[in-house]
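Just so you know, we're using the numbering used here here: the sequence shown kicks off at 72 and counts up by one.
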Amino acid sequence: MTADDGGRAGELARRLQQVEQRIAAACAAAGRDRADVELVVVTKTYPASDVALLAGLGVTHLGEARHPEAGRKVDECTSAGLRDLTWHFVGAVQTNKAGPIAGYADLVHSVDRVRLVTALDRGAQRAGRILDCLVQIDLDPSDRGRTGQRSGAPPADLPAVVEAVAAAGSLRLRGVMTVAPPRRDPAESFDRLAAIAAGVAADHPGADRVSAGMSADLEQAVAAGATHLRVGRAVLGERPPLR
Ligand SMILES: *Cc1c(COP(=O)(O)O)cnc(C)c1O
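Structure, rendered in structure tokens:
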């Protein structure tokens with residue numbers, strides 16, 4: 072972009088390069104091909120102008136976590152002529168927001184209950200699209216009381232949610248996602264996710280995506296076989312508190 076971005080383009084380029092180096096090192100350590108890992112840059116709380124700068128740096132996969140912020144940003148980027156962007160919705164989805172989200176998201180990472188499956192399916196059908204979905208797993212549901220609301224299906228609920236997505240006419244089951252529970256070793260959590268993912272993929276060919284790893288734990292996620300990393304702060308900088 073132009074010189075009037077206050078140095079933001081340079082800052083994003085530097086930070087993105089650092090993240091790329093981390094991913095490359097993690098792939099090398101794990102004997103994995105960098106091309107098998109998708110970096111999703113999570114731009115929540117940051118403006119569409121940052122998306123434009125990131126697109127200029129070659130980023131094509133963007134993540135958003137909240138509606139309506141996400142929808143507005145997708146619209147702004149489309150109006151600005153930014154094409155070929157893939158939008159990932161990674162945050163908790165309220166059932167009554169599923170309709171619009173199904174209209175603008177390309178991949179929803181956070182499908183965690185059958186009621187939400189029904190609502191997303193209806194929204195995707197109304198929008199005339201087939202919506203790709205990951206089922207989000209909460210690997211430590213017992214911890215919910217202390218951490219407040221965290222989304223994700225408890226492992227016991229996973230089969231019902233997986234089968235509901237697989238059976239939905241306008242949804243396509245693509246795999247699983249988790250956010251590493253706090254106060255646990257992320258490597259262990261991502262290994263558990265990988266085992267669950269293998270089971271889902273065995274039953275549902277094509278459901279082979281594993282979304283795991285954020286700014287703090289992307290190395291562990293790559294080591295455990297993640298196909299999608301959701302990285303916000305390490306690229307964009309610290310966010311103001313979300314609420
Ligand atoms: C915000 C967010 C991220 C990115 O987190 P960082 O710590 O900023 O990298 C990843 N996943 C989800 C679900 C998020 O809400």
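All residues carry an ideal CB built from backbone N, CA and C; glycine is no exception.
Residue burial classification, residue i (beta-carbon count within 10 angstroms, cutoff 16)
i      : result
Gly194 : buried
Ser222 : buried
Glu135 : buried
Ser150 : exposed
Gln92  : exposed
Asp146 : exposed
Ala305 : buried
Gly102 : exposed
Ile267 : buried
Asp183 : buried
Residue i versus the options, residue with shortest Cα-Cα distance
i      : options                           : result
Asp214 : Arg255, Ala190, Leu244 and Pro230 : Arg255
Arg155 : Ala287, Glu91, His299 and Val130  : For the record, residue 155 in the displayed sequence is Asp; it is not Arg. Cα-wise, what sits closest to Asp155 is Val130.
Val179 : Gly77, Gly102, Gln165 and Val161  : Val161
Leu89  : Val302, Val188, Arg310 and Pro171 : Reading off the sequence, residue 89 comes out as Gln, not Leu. Nearest of Val302, Val188, Arg310 and Pro171 to Gln89, Cα basis: Val302.
Leu87  : Asp76, Ala101 and Val113          : Val113
Gly284 : Asp104, Leu300 and Ala294         : Leu300
Met248 : Ser241, Ala239, Gly240 and Ala269 : Ala269
Val281 : Glu109, Ala80 and Gly81           : Glu109
Glu140 : His132, Ile172, Leu125 and Ala123 : Ile172
Cys316 : Val164, Thr116 and Ala297         : Outside the displayed range of the chain (72 to 314) lies residue 316, so it cannot be described from this structure.
Ala123 : Leu153, Tyr117 and Ile94          : Leu153
Pro311 : Pro225, Ala198, Lys115 and His132 : Lys115
Leu205 : Asp279, Ala294 and Ala119         : Asp279
Pro212 : Arg200, Ser120, Ala294 and Leu229 : Leu229
Spatial neighbours of residue i in its chain, beta-carbon cut-off 8 Å, leaving aside the 5 residues before and after
i      : result
His275 : Val233, Ala237 and Leu244
Limits of the unbroken beta strand (DSSP E) element including residue i
i      : result
Gly170 : Unbroken run through Gly170 is the alpha helix (DSSP H), Ala169 to Tyr175; no beta strand (DSSP E).
Val302 : His299 to Val302
Thr249 : Leu242 to Thr249
Ser181 : Leu178 to Val182
His132 : His132 to Glu135
Beta-carbon contacts of residue i that lie in its chain and below 6 Å, excluding the five residues immediately before and after
i      : result
Pro257 : Ala251, Asp288 and Gln291
Asp177 : Thr157 and Trp158
Leu307 : Tyr117
Any non-hydrogen atom of ligand 3 closer than 7 Å to residue i Cβ
i      : result
Lys144 : With respect to ligand 3, the structure shown offers nothing to examine, as its ligands consist of ligand 1.
Start-to-end residues for the alpha helix (DSSP H) that takes in residue i
i      : result
Asp256 : Looking at the DSSP string, Asp256 is not in any alpha helix (DSSP H), and its letter there is neither H nor E.
Thr149 : Glu140 to Ser150
Leu191 : Val185 to Ala198
Val236 : Leu229 to Ala238
Leu124 : Ala119 to Gly127
Gly81  : Arg79 to Ala101
Glu309 : From DSSP, Glu309 is part of no alpha helix (DSSP H); its letter is neither H nor E.
Leu289 : Leu289 to Ala294
Own chain, CB closer than 7 Å to residue i, minus 5 neighbours either side, in chain order
i      : result
Ala84  : Leu128
Ala231 : Val185
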